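These notes are about the structure you will find just below.
There are 2 protein chains.
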Amino acid sequence: MKAKGLENQQKIVQSAADLFYQKGYNQTSFTEIANASGLPRGNFYYYFKTKDDILKAVVDARVEAIRGMIEQWQTLDKPPKQRLNLLLDLVLNEADDIVDHGCPLGTLSAELGKDQRLLQEKTLEMFDLLVSWVVDAFQALGCDEPYELGLHIMGRLQGISVMTHLYQNKPFLETEIQALKAWVDQL
Amino acid sequence: MKAKGLENQQKIVQSAADLFYQKGYNQTSFTEIANASGLPRGNFYYYFKTKDDILKAVVDARVEAIRGMIEQWQTLDKPPKQRLNLLLDLVLNEADDIVDHGCPLGTLSAELGKDQRLLQEKTLEMFDLLVSWVVDAFQALGCDEPYELGLHIMGRLQGISVMTHLYQNKPFLETEIQALKAWVDQL
DNA sequence: GTCTATAGAGGGATAGAC
DNA sequence: GTCTATCCCTCTATAGAC
């Protein structure tokens, strides 16, 4: 049945996404994905030829999720500074996960950047969406170098995520995000 | 011979340190360390009982290197702001490596933080040394919250390293470090 | 102290019955 | 479209000759 197939495919992608985030891509085995999704190991070679294909599907799903989120943000029709705050609030809401596993985008990209650059390029699609969202906001604010500012704020968020994860320090994340909000506010 | 043994041990630690940085800890195999160090695979179980022990030795070596660097910095007897600049210049000098492999401290800690927290704690020794170096400088400057500022600047550097690595964007690193220098200067 | 050979577990991937 | 059985490879780690 086609419908059943799609369902299983989504289960695999969802389980893999969680595990890749919690354990890292290379540290996650087929066995673990199978156990988490409730499907027998051999089965999902029917859906994905290789582990890399699973990662690509995971990234595609996350790209679509981000795209959907941004589209929803756009419907809110907020002024530029509040648009930037939407991203900052997103990080604030994910604080507990960041304490435990770091940034879902950054840690995956960083892991693959070490020696799997081809796969890493795929993960940059996730970043690019957010970068262009913040760049647009800085542009709307009439800033001189919107692209540089966009990379700057994404870098700030990555740094906050790394330190929060390393020291499992949630208060640090909260005060740093507040500081970023103040910085945005006085632009 | 004891001397020969120590020499081999250092060769292993050096090769492992390079590979852990370039490929990540979990992605580096004994075979690769053996090839890089020129020693046969089985041999270095004489020096290290497990792979984890090699990592600990690698971290110990790096801790000692950082400690030595900081001691040397102290002999320079510079004013606080210039002390902070020593760290910023260090990052600037490592820009090419950061483009290729990210921050040598941060990427290792982040990898192990995912699901090898016991090992990760060991790697925090490297961070703690640098954190206390910058905290001391902020304290000497009479800043209100030196510890928070110390974590802040370390986070900024981590964020810069992550983005530089992801996008292989060296100019980004250079302008961001310059911005940090300006920020330090006007404290 | 140095090296070879190999054990034992677990990884990704495949073949083929149903 | 679903599942079992299994292959082959690489991994860490060990045993034991020299």
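Protein sequence lines correspond, in order, to chains F and S.
So that you can map any letter, position 112 of the first sequence is 121 in the working numbering, and since no number is skipped, the others follow by simple counting.
So that you can map any letter, position 103 of the second sequence is 112 in the working numbering, and since no number is skipped, the others follow by simple counting.
Glycine included, each C-beta is placed from N, C-alpha and C at the ideal position.
Predicted model only: the values in this text are computed from it and were never measured.
**Request:** Go through its chain and collect everything with a Cβ distance to F/Lys-20's Cβ below 6 Å, but skip five positions before and after it.
**Result:** Here residue 20 of chain F refers to the residue found at position 11 of the first sequence. The residues are Ser-46.
**Message:** Would you call the stretch 54–72 of chain F in contact with the stretch 87–94 of chain F, where contact means no fewer than 3 C-beta pairs closer than 8 Å?
**Reply:** no
**Request:** Please list the residues of the stretch 126–155 of chain S that have a C-beta atom closer than 8 Å to any C-beta atom in chain F, keeping them in chain order.
**Result:** Gln-129, Leu-133, Phe-136
**Request:** Might you give, ordered along the chain, the residues of its own chain that have their beta carbon closer than 7 Å to the beta carbon of S/Pro-49, omitting 5 neighbours on each side?
**Result:** Taking the first residue of the second sequence as position 1, residue 49 of chain S is located at position 40. Only Ala-43 meet the Cβ criterion.
**Message:** Can you confirm whether the stretch 21–33 of chain S touches the stretch 184–195 of chain F when touching is taken to mean that 3 or more C-beta pairs between the two stretches lie within less than 8 Å?
**Reply:** no
**Asked** Taking just the CA atoms, how far does F/Trp-82 sit from F/Leu-130?
**Response** By one-based count along the first sequence, residue 130 of chain F stands at place 121. By one-based count along the first sequence, residue 82 of chain F stands at place 73. It is worth fixing the name first, because residue 130 of chain F is Glu in this sequence and not Leu. In a straight line, the C-alpha of F/Glu-130 is about 26 Å away from that of F/Trp-82.
**Asked** Of all the options S/His-161, S/Gln-167, S/Thr-116, which has the alpha carbon lying nearest to the alpha carbon of S/Phe-147?
**Response** Taking the first residue of the second sequence as 1, we reach residue 147 of chain S at position 138. Cα-wise, what sits closest to S/Phe-147 is S/His-161.
**Request:** Anything in chain F within Cβ reach of S/Ala-104, meaning under 9 Å, just list it in chain order.
**Result:** Taking the second sequence and counting its residues from 1, the one referred to as residue 104 of chain S is at position 95. Here the premise fails: no neighbours, minimum Cβ distance about 14 Å.
**Item:** Positions along the stretch 34–47 of chain F whose CB lies within less than 7 Å of some CB in chain S
**Value:** Asn-35, Gln-36
**Item:** Unbroken alpha helix (DSSP H) run spanning F/Tyr-156, endpoints
**Value:** Here residue 156 of chain F corresponds to residue number 147 of the first sequence, with the count starting at 1. Note, F/Tyr-156: alpha helix (DSSP H), 155–176.
**Prompt:** What did DSSP end up calling F/Ala-66 once you bin it into helix, strand or coil?
**Reply:** On the first sequence, position 57 is the one that residue 66 of chain F refers to. It is helical.
**Asked** When we look at the beta-carbon of S/Pro-113 and count the other beta-carbons within 10 Å, is it buried (16 or more) or exposed?
**Response** For the purposes of this step, residue 113 of chain S is taken as residue 104 along the second sequence, with counting starting at 1. S/Pro-113 should be labelled buried.
**Asked** Beta-carbon of F/Asp-124 versus every beta-carbon of chain S: anything under 9 Å?
**Response** Along the first sequence, one-based indexing puts residue 124 of chain F at 115. Closer than 9 Å to some Cβ of chain S, the Cβ of F/Asp-124 qualifies, so yes.
**Item:** Alpha-carbon spacing of S/Pro-180 relative to F/Leu-158, whole angstroms
**Value:** Reading the second sequence from its first residue, position 171 is the one you call residue 180 of chain S. Reading the first sequence from its first residue, position 149 is the one you call residue 158 of chain F. So the two alpha carbons sit approximately 14 Å from each other.
**Prompt:** Given S/Thr-40, which residues of its chain have a CB within under 7 Å of its CB, disregarding the five upstream and five downstream residues?
**Reply:** In the second sequence, counting from the first residue as 1, residue 40 of chain S sits at position 31. Arg-50, listed in sequence order.
**Asked** Taking the alpha-carbon positions, what's the F/Ile-107 to S/Glu-134 distance?
**Response** Here residue 107 of chain F refers to the residue found at position 98 of the first sequence. Here residue 134 of chain S refers to the residue found at position 125 of the second sequence. Rounded to whole angstroms, F/Ile-107 to S/Glu-134 spans 21 Å at the Cα level.
**Asked** Contact check, F/Gly-168 vs S/Gly-122 under 8 Å by CB: the rounded distance?
**Response** Your numbering for residue 168 of chain F matches position 159 in the first sequence. Your numbering for residue 122 of chain S matches position 113 in the second sequence. Not a contact, Cβ separation roughly 15 Å.
**Request:** Return the Cβ separation of F/Gly-111 and F/Val-171 in integer angstroms, given the expectation that the two are a contact with Cβ distance under 8 Å.
**Result:** Along the first sequence, read from residue 1 onward, the residue named residue 111 of chain F stands at position 102. Along the first sequence, read from residue 1 onward, the residue named residue 171 of chain F stands at position 162. F/Gly-111 to F/Val-171, Cβ: 7 Å. Contact.
**Message:** Going by DSSP in three states, F/Lys-11 sits in which element: helix, strand or coil?
**Reply:** On the first sequence, residue 11 of chain F is found 2 positions in, with the first residue counted as 1. Confidence at F/Lys-11 is low in this model, with a pLDDT of 49, below 50, so its placement is unreliable and no value can be given for it.
**Asked** When burial is assigned at 16 or more other CB atoms within 10 Å of the CB, is S/Leu-196 buried or exposed?
**Response** Working through the second sequence from its first residue, we reach residue 196 of chain S at position 187. It counts as exposed.
**Asked** CB-CB under 8 Å to F/Val-72, same chain, minus the five flanking residues each way: which ones, in chain order?
**Response** Counting from 1 along the first sequence, the entry for residue 72 of chain F is found at position 63. The residues are Glu-134, Met-135, Leu-138.
**Request:** For the alpha helix (DSSP H) containing F/Glu-134, list its first residue and its last residue.
**Result:** Within the first sequence, numbered from 1, the residue matching residue 134 of chain F stands at position 125. From DSSP, the alpha helix (DSSP H) with F/Glu-134 extends over 126–149.
**Request:** Work out the CA separation of S/Leu-64 and S/Val-140 for me, nearest whole Å.
**Result:** Working through the second sequence from its first residue, we reach residue 140 of chain S at position 131. Working through the second sequence from its first residue, we reach residue 64 of chain S at position 55. Rounded to the nearest angstrom, the two C-alpha atoms are 22 Å apart.
**Message:** So F/Lys-32 contacts chain S; which residues on that side make the cut at Cβ distance below 7 Å?
**Reply:** Numbered from 1 along the first sequence, position 23 holds the residue referred to as residue 32 of chain F. Chain S residues near F/Lys-32: Lys-123, Asp-124.
**Message:** Please classify S/Ser-38 as buried or exposed, where buried requires at least 16 neighbouring CB atoms within 10 angstroms.
**Reply:** As a first step, residue 38 of chain S is located in the second sequence; it is residue number 29 there, counting from the start. Flag for S/Ser-38 reads exposed.
**Request:** Check distances from the C-beta atoms of the stretch 162–190 of chain F to those of chain S and list, in chain order, the residues that come in under 9 Å.
**Result:** Met-163, Gly-164, Arg-165, Leu-166, Gln-167, Gly-168, Ile-169, Ser-170, Val-171, Met-172, Thr-173, His-174, Leu-175, Tyr-176, Gln-177, Asn-178, Phe-181, Thr-184, Glu-185, Ala-188
**Request:** Can you have a look at S/Gln-77 and say buried or exposed, based on whether 16 or more other CB atoms are within 10 angstroms of its CB?
**Result:** As a first step, residue 77 of chain S must be located in the second sequence, where it is residue number 68. With the sequence shown as reference, residue 77 of chain S is identified as Gly, and Gln is not the correct amino acid for it. By the neighbour-count rule (16 or more Cβ atoms within 10 Å), S/Gly-77 is not buried but exposed.
**Item:** Whole-Å CB distance - F/Lys-32 paired with S/Asp-124, under 8 Å assumed
**Value:** By one-based count along the first sequence, residue 32 of chain F stands at place 23. By one-based count along the second sequence, residue 124 of chain S stands at place 115. 5 Å between Cβ atoms; contact.
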